[in-house]
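S.K.: Below is one structure. I have some questions about it.
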Amino acid sequence: MTDTCPACCRRRIPPCAERRRGNQIAHGYRCPGCGHQWATARQLPAYSDIHRRRAGRQTREAA
Ligand SMILES: [Zn+2]
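FYI, the numbering for the sequence shown is 7 to 69, going by my numbering.
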């Protein structure tokens, strides 16, 4: 999952490190343009829960 550099707004930067802890996944990034480093943490169950609700709503609307 790519991210945007918060310092120079360079887009589509691939993660250079991935760390998974329980239901949370953290990606470490290093901008090749300006050298800025940052990390983005994401909650895995939140994403799957959103997908489940969307799928359920679409099914109900179709029926
Ligand atoms: Zn940058």
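Glycine included, each C-beta is placed from N, C-alpha and C at the ideal position. Since this is a predicted model, take the numbers as computed values, not measurements.
Measuring from the CB of H42, is there a heavy atom of ligand 1 at a distance below 6 Å?
M.R.: Within the chosen limit of 6 Å, ligand 1 reaches the beta carbon of H42 through at least one heavy atom.
S.K.: Mind checking who A47 pairs with in its DSSP beta bridge?
M.R.: Partner residues in the beta bridge of A47, as assigned by DSSP, are A32.
S.K.: Going by Cα to Cα distance, which pick from G41, Q30, P38, C37 is closest to A47?
M.R.: Q30
S.K.: If you measure from the CB of R16, is any heavy atom of ligand 1 nearer than 6 Å?
M.R.: yes
S.K.: By the three-class DSSP mapping on this structure, what secondary structure does R16 have?
M.R.: Correct three-state label for R16: coil.
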